[in-house]
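K.L.:
Protein chains in written order, with the working numbering: chain W, 65 to 291; chain A, 1357 to 1411; chain Y, 6 to 231; chain V, 18 to 277.
Idealized CB from N, CA, C, for every residue including glycine.
Computed from a prediction, not measured in an experiment: that's the story for all the values here.
Could you have a look at this structure, given as structure tokens, before my questions?
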Amino acid sequence: MSRWRVALLVARKDLAIEWRSRVVLDQVLPFAGVTMVLFAFALDSDAVLERVAPGLVWLAVLFSLLVLVQRAFAVEAADGALDALRVAGVDPMSIYWGKGLSLALQLLVLEALLLAAAVVLYGAEVPAEGVVLLVTTSITATPGLAAVGTLYGGLAAGFTGRETLLPLLVLPAVAPVLIGATRAVESALGTAGAATSDGWPWVGLLTVFAVAFGVGGSLAFGPLIDE
Amino acid sequence: MSAAIVGAIVEMDDAGFIIGSYVLTFATVGLFAWRTLRRGRRLAEQVPDEEKYWL
Amino acid sequence: MDAAPDPEHEHPARPVVELTDAVALLGPYPALAGATIRVDPGEIVLLRGPNGAGKTTLLRVCAGLVPLSRGEGRVLGHDLRTERAAVRPRVGLLGHSNGLYGDLTVRENVRFWGALVGATGDEIDAALERMAVGGRLAEVPARKLSAGQRRRTALACLVARRAQLWLLDEPHAGLDAAGRDQLDDTLRAAVAAGATIVVASHELERAGSLATRTVDVVAGQVRSVA
Amino acid sequence: MTTTDLDAGTPARTSAPRGTGTRATRVLGIATVVAMAWLVAFGLGFSPADRDQEESVRILYVHVPTIWIAYLAFVVTAISSGCYLFGRKKSLGFDRVAGASAEIGVVFMAVTLIVGALWGRLTWGVFWQWDARLTTTALLFVTYIGYLAVRRLGGSHHQRAKRSAVLGLLAVLEIPLVHWSVRLWRSLHQEATVLRTDGDISMDGLMLFSLFVGVIAFTLLYVWLLLHRSRTMFLEDLIEDRGLDQALAARRAEAEEVRP
Chain W
65 MSRWRVALLV ARKDLAIEWR SRVVLDQVLP FAGVTMVLFA FALDSDAVLE RVAPGLVWLA
125 VLFSLLVLVQ RAFAVEAADG ALDALRVAGV DPMSIYWGKG LSLALQLLVL EALLLAAAVV
185 LYGAEVPAEG VVLLVTTSIT ATPGLAAVGT LYGGLAAGFT GRETLLPLLV LPAVAPVLIG
245 ATRAVESALG TAGAATSDGW PWVGLLTVFA VAFGVGGSLA FGPLIDE
Chain A
1357 MSAAIVGAIV EMDDAGFIIG SYVLTFATVG LFAWRTLRRG RRLAEQVPDE EKYWL
Chain Y
6 MDAAPDPEHE HPARPVVELT DAVALLGPYP ALAGATIRVD PGEIVLLRGP NGAGKTTLLR
66 VCAGLVPLSR GEGRVLGHDL RTERAAVRPR VGLLGHSNGL YGDLTVRENV RFWGALVGAT
126 GDEIDAALER MAVGGRLAEV PARKLSAGQR RRTALACLVA RRAQLWLLDE PHAGLDAAGR
186 DQLDDTLRAA VAAGATIVVA SHELERAGSL ATRTVDVVAG QVRSVA
Chain V
18 MTTTDLDAGT PARTSAPRGT GTRATRVLGI ATVVAMAWLV AFGLGFSPAD RDQEESVRIL
78 YVHVPTIWIA YLAFVVTAIS SGCYLFGRKK SLGFDRVAGA SAEIGVVFMA VTLIVGALWG
138 RLTWGVFWQW DARLTTTALL FVTYIGYLAV RRLGGSHHQR AKRSAVLGLL AVLEIPLVHW
198 SVRLWRSLHQ EATVLRTDGD ISMDGLMLFS LFVGVIAFTL LYVWLLLHRS RTMFLEDLIE
258 DRGLDQALAA RRAEAEEVRP
């Protein structure tokens, strides 16, 4: 059985669980939404809010990432399934790809909804090229986030009571994604007069990040979860 | 950290900052060195010399 | 019943499990303190002993989940110190937890594990039937099952995975009389099909009638019973 | 403070080394103290004030060496992690060097961040600037705190070694990515608000020499700390193993009692 087939099985299983439990739609999405509303309370100025909206979207995505990763591994740990996967000798790289893929798809849905909300809320007019940039940004930022989240989620999952470790490991590592994705979205929305073409170098950064952590994570995940 | 201390730092003159930097650096590193040495001595007492690879 | 091999029978083949003076840690605590045990193909070995004796750790070591801190061990011909990864696919461990996904149905759970080894739909159905979790029960989410039904589903997953060495930790716990009989039949059939089984159990009467050999586990060590 | 700790080898004390010291580390320690004294003499005394930065340039003689050593320490952690992971022997010695070096690096980096803030207050008028160097350093600081937290997760020595070696290499992957993104962030979005004060100031001979003394002194200190800390880690591991021996003996005695 090839790695990819197993990875797809794992991803399909994770998505089936998500489809049944609706945790992303019923809980994580409202969480991300309330985070953005709270940012609005904290900043308390329309002009500032409009300026920082792209950053807020991605901050909300990062916080949601932490919740989603915890959830993805709680599903495995609840009845010892991660152990069972390890006992079954399932290739760690397949688990990594499978869980990462399902996480990435969930993140994409979340980002699409949050970005749409931001665009509607701030009444920005997005040019066609801006839409292309928005979509490309999401597609390149998400694999990087999923790669880092799955990697450190698997590490933290082996130690009950050490969930606090996850943000400590994940947040500094994904700082480049926050920076890159925020600037790219600013360019796409024309925030503070940014030109759309300014956004493309950031997409390059996001791509390099995704590739680096995709490869690094694939190699590191096995040794990290294998005790 | 009381407001007085913060105030004192902000009001400090150049010499205070410079000497403060030196003191802070040496104090922190020295504390770390001292703790390492002390811990090493305590643990070393529990281990016979022939197991210490550096001797 | 007749599928159970004769305990006196000599097995010329390589032992399935062979631990020599194995030490394994649970945190800093030596749960296994120099255990030596040999299990031959086709045996059903019963591990007997009080709580905390190290039965569970012994099973987890054999499954390649817990590394050996000292001593030596081979399972299905693979060295436990260097080839734990190769041991795992051929071993099925059923511990205190069942390894089921609560939001998936019984059939989806069994199908997931079966799919990992390329099991066909018929094989999945057969596994479900054999553990009496087929029919309408197969479409129920695992989290709505009773303890006994969960245990049977987990065993069906083992069947679907075609494990060669079954390591069962208190498998009879939470099963009703009919379930226990079904379990025993499955275990015997699995042995007849070439599997080897190690069972840790308090229910000596039940497991004892099943086992071909009984060993005592005391304070992290193994003693054979005359 | 340092002086009293480092010169444990003055004749007043016993002549035989105790704890994690040897004659070599003692000589190294004395050399470190001497170099530090030179650094203070040159840094605070002999070297002149800078044309732009005036007296505040004196902070750089400790600030620049500490940050260099912090980065050097993380590089050593990465190399040592690689040696453990890819070496044939899987020697725990590499793991201890990696851990000790990361610990020293975190301490140095903490000092760097605070001293850097003091320098910034004098030169820029603010304690913190969102410039690329500072931001990268702060992120790395947190990353290696995470690394040290993972080292304490428990398990056997080899589990710890493998886990932290992988993490040590991943952290090295993070350094260029973080640095690149932060630099891009600053270069595209904010004009440099400061004068040319990233340490690339034109220095006269005596200033350069003071900096040189600082680098020497802190490098000596780093090596001295690394030796002591990794030996202490060795002792910690050994005593933990010894605890295992005792626990094993207790467990075996328990088995004897139960024997019919």
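Would you tell me roughly how many angstroms separate the C-alpha atoms of G69(Y) and I1374(A), rounded to the nearest one?
P.N.:
In a straight line, the C-alpha of G69(Y) is about 59 Å away from that of I1374(A).
K.L.:
Quickly, what does DSSP pair R43(Y) with across the bridge? List them, please.
P.N.:
The partner list for R43(Y) (beta bridge, DSSP) reads E23(Y).
K.L.:
Spell out whether any CB of chain Y is found under 8 Å from the CB atom of E191(V).
P.N.:
Chain Y contact via Cβ: absent.
K.L.:
Please confirm whether A188(V) has its beta-carbon closer than 8 Å to some beta-carbon of chain Y.
P.N.:
Output row for A188(V): interface = no.
K.L.:
Which residue comes first and which comes last in the beta strand (DSSP E) that contains G97(Y)?
P.N.:
From DSSP, the beta strand (DSSP E) with G97(Y) extends over V96 to L99.
K.L.:
When the Cα of L130(V) is compared with those of W85(V), A95(V), C100(V) and R259(V), which residue comes out closest?
P.N.:
It is W85(V) whose Cα lies nearest to the Cα of L130(V).
K.L.:
Taking CB distances under 8 Å as the criterion, tell me whether Q267(W) reaches chain Y.
P.N.:
What sits at residue 267(W) in the sequence shown is Val, not Gln. Not closer than 8 Å to any Cβ of chain Y, the Cβ of V267(W) fails to qualify, so no.
K.L.:
Among the candidates R167(Y), D108(Y), S102(Y) and R79(Y), whose CA atom is the shortest distance from the CA of A198(Y)?
P.N.:
Out of R167(Y), D108(Y), S102(Y) and R79(Y), R167(Y) has the C-alpha closest to the C-alpha of A198(Y).
K.L.:
Check whether the Cβ atoms of T1384(A) and V232(V) lie closer than 8 Å to each other.
P.N.:
Contact flag unset, no.
K.L.:
Does H101(Y) pass the burial test, meaning 16 or more other C-beta atoms within 10 Å, or should it be called exposed?
P.N.:
So H101(Y) counts as exposed.
K.L.:
Buried or exposed: where does T214(V) fall if 16 or more other Cβ atoms within 10 Å of its Cβ makes it buried?
P.N.:
Note on T214(V): pLDDT 47, under 50, position unreliable in the model; the coordinate value appears next. Its Cβ being crowded by 16 or more others within 10 Å, T214(V) is buried.
K.L.:
Per the DSSP calculation, L172(Y) is bridged to which residue(s)?
P.N.:
For L172(Y), which the question treats as bridged, DSSP gives the partners L98(Y) and V203(Y).
K.L.:
From the DSSP output, read off the bridge partner residues of H174(V).
P.N.:
In DSSP, H174(V) forms no bridge with anything.
K.L.:
For A90(V), which residues of its own chain have a beta-carbon under 6 Å away from its beta-carbon, when the five flanking residues on both sides are left out?
P.N.:
Excluding sequence neighbours, A90(V) sits near S118, I121 and G122.
K.L.:
Taking any Cβ of chain V, which residues in the segment 214-226 of chain Y have a Cβ under 7 Å from it, in chain order?
P.N.:
Within the segment 214-226 of chain Y, the residues whose Cβ lies closer than 7 Å to some Cβ of chain V are V223, A224, G225 and Q226, listed in chain order.
K.L.:
With DSSP as the reference, label Y78(V) as helix, strand or coil.
P.N.:
Looking at Y78(V) - three-state DSSP - the assignment turns out to be helix.
K.L.:
Which residues, in order along the segment 156-183 of chain V, keep a beta-carbon less than 9 Å from a beta-carbon of chain Y?
P.N.:
Result list: G171, G172, S173, H175 and Q176.
K.L.:
Tell me the residue span of the beta strand (DSSP E) that contains E77(Y).
P.N.:
Unbroken beta strand (DSSP E) run through E77(Y): R75 to V80.
K.L.:
Per the DSSP calculation, I49(Y) is bridged to which residue(s)?
P.N.:
DSSP output for I49(Y) lists I202(Y) as bridge partner(s).
K.L.:
What's the call for A270(V), buried or exposed, on a 16-neighbour Cβ count within 10 Å?
P.N.:
With fewer than 16 other Cβ atoms within 10 Å, it is exposed.
K.L.:
With distances taken from CA atoms, which of T83(V), A149(V), R259(V) and V132(V) is nearest Y239(V)?
P.N.:
Nearest C-alpha to Y239(V): T83(V).
K.L.:
So is W171(Y) buried or exposed if we call it buried at 16+ other beta carbons inside 10 Å?
P.N.:
Buried, by the Cβ-count rule.
K.L.:
Output, in chain order, the set of chain Y residues within a Cβ distance shorter than 8 Å of L219(W).
P.N.:
Those do not exist, as L219(W) stays about 17 Å from chain Y at its closest Cβ, beyond 8 Å.
K.L.:
Got a sec, what are the start and stop residues for the alpha helix (DSSP H) S118(V) sits in?
P.N.:
L109 to T140 is the extent of the alpha helix (DSSP H) around S118(V).
K.L.:
Check the Cβ of L265(V) against every Cβ in chain Y and list those closer than 8 Å, keeping chain order.
P.N.:
Chain Y residues near L265(V): V28, P35, A38 and G39.
K.L.:
Is there a Cβ from chain V that is less than 8 Å from the Cβ of S229(Y)?
P.N.:
So no, S229(Y) is outside the interface.
K.L.:
How about R167(Y): is its C-beta nearer than 8 Å to some C-beta of chain W?
P.N.:
So no, R167(Y) is outside the interface.
K.L.:
Are the CB atoms of M126(V) and A87(V) within a distance shorter than 8 Å?
P.N.:
Yes, the Cβ-Cβ distance between A87(V) and M126(V) is below 8 Å.
K.L.:
Which chain Y residues are close to G281(W), counting only those with a beta carbon under 9 Å from its beta carbon?
P.N.:
Here the premise fails: no neighbours, minimum Cβ distance about 19 Å.
K.L.:
V199(V) to V184(W), Cα distance in whole Å?
P.N.:
Rounded to the nearest angstrom, the two C-alpha atoms are 30 Å apart.
K.L.:
Is the distance from the Cβ of L132(W) to the Cβ of L102(W) below 8 Å?
P.N.:
No, these two residues do not count as a Cβ contact at 8 Å.
K.L.:
For a contact meaning CB atoms closer than 8 Å, what does W85(V) contact in chain W?
P.N.:
Here the premise fails: no neighbours, minimum Cβ distance about 21 Å.
K.L.:
Return the first residue and the last residue of the beta strand (DSSP E) that Q226(Y) is part of.
P.N.:
Q226(Y) -> beta strand (DSSP E) spans Q226 to S229.
K.L.:
Inspect the beta-carbon positions of G116(V) and M250(V) and report whether they are closer than 8 Å.
P.N.:
Closer than 8 Å, so yes.
K.L.:
Look up V159(V) in the DSSP assignment and give the residues it is bridged to.
P.N.:
According to DSSP, which records beta bridges pairwise, V159(V) is partnered with nothing at all.
K.L.:
Using a Cβ-Cβ distance under 8 Å, would R150(V) count as near chain A?
P.N.:
Answer no: the Cβ-Cβ gap between R150(V) and chain A never drops below 8 Å.
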